Each structure stands twice: as structure tokens, then as C-alpha cells.
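Quick notes on the structure that follows.
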Amino acid sequence: MRSFVRVLLGAALVFAGTSHLTFARRDFRAQVPDFVPLDTDTTVLASGVAEIGLGSALLFTPRRRRKTVGTIAALFFTVIFPGNLSQWVNRRDAFGLDTDEKRVARLFGQPLLIWAALWSTRGSGSR
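The opening residue of the sequence shown carries number 8 in my numbering; numbering runs sequentially from there.
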């Protein structure tokens, strides 16, 4: 089950990163907080590249390095959380999140991503 979650998370990150660079760039711009010192589009592109890299690492990193990759992915999900908060606070519509209720509900998904990154890259504990 851990491998399934890791592969699913890795594939989702590669897909999301690719969408940052292509068809969903406009929606991702809605999540960039105003305090980020980089240009909004540059931030979206950089985070897309990071997601593709992290997703690929989750998919292809050897077992002995997965814990490190999972920790980095969890930290990444933590660092981008202010973008989700910004979208809610500033009432920015994107990805079908067009009400405050939908934007708030999305906030609860981020801890699940953090958990999935950590849990799926740890051993079963039976070693």
C-alpha cells in the first residue's frame, strides 16, 4: 500500500508540475501569495519544475533514499501551503474553487499530502 501511495503521489506531482508549465498556468497564478518577491509567472514555472522533480524522485529514487525524498516532498507541501491560504483569503477563483467553502475545504487536503509523502516513503517498520 505504501508503494501504491508513493507512486500515486509521484505521478500526481509530475502531472501537476506539467500543468504548471502548460494548460493550468493561469489557475496556478491565483495561488501565488502577494508577498512572494518573484514575478507570479516565474513562481508558477519554478514550482512546476520543482513538482516534476519531486514527483520523478518519488517514482524513481532507490529505496534507501526514499525517506529523504519523502521528507523533502513533505517540506515542499508545507512551503506551498500559504498559496492555498492566499487563494482563500483573497477569494481568488481557480480550479473550480469558486466559493469560500470550497477554498477552505481544500486547506484540509494539504496535511493529507504531507502525511502521504512521509508515510509512503517510510519502511513498514518490520525491519
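All C-beta atoms in this analysis are idealised placements derived from N, C-alpha and C, irrespective of residue type, glycine included.
What you are looking at is a predicted structure, and each value in this text was computed from that prediction instead of being measured.
Listed as beta-bridge partners of Leu-104 by DSSP are Ala-101. The three-state reading of DSSP puts Ala-31 in coil, since its state is none of H, G, I, E or B.
Here Ile-87 is actually not in contact with Ser-63; their C-beta atoms are around 18 Å apart, not less than 8 Å. Apart from sequence neighbours up to five positions away, the residues of its chain that approach Glu-58 with a beta-carbon distance below 6 Å are Leu-20, Ala-23 and Gly-24, ordered along the chain. At least 7 Å separates the beta-carbon of Leu-120 from that of Arg-113. Taking the CA atoms as reference points, Val-96 sits about 12 Å from Glu-108. Asp-46 carries a coil assignment under DSSP once its states are collapsed to helix, strand and coil. Thr-128 is positioned such that its CB atom lies no closer than 7 Å to that of Gly-60. Residue burial annotation: Gly-116 is exposed, with fewer than 16 other C-beta atoms found within 10 angstroms of its C-beta. When the Cα atoms are used, Trp-126 and Arg-98 turn out to be separated by approximately 32 Å.
Cα atoms of Gln-94 and Pro-118: separation of roughly 17 Å, rounded to the nearest angstrom.
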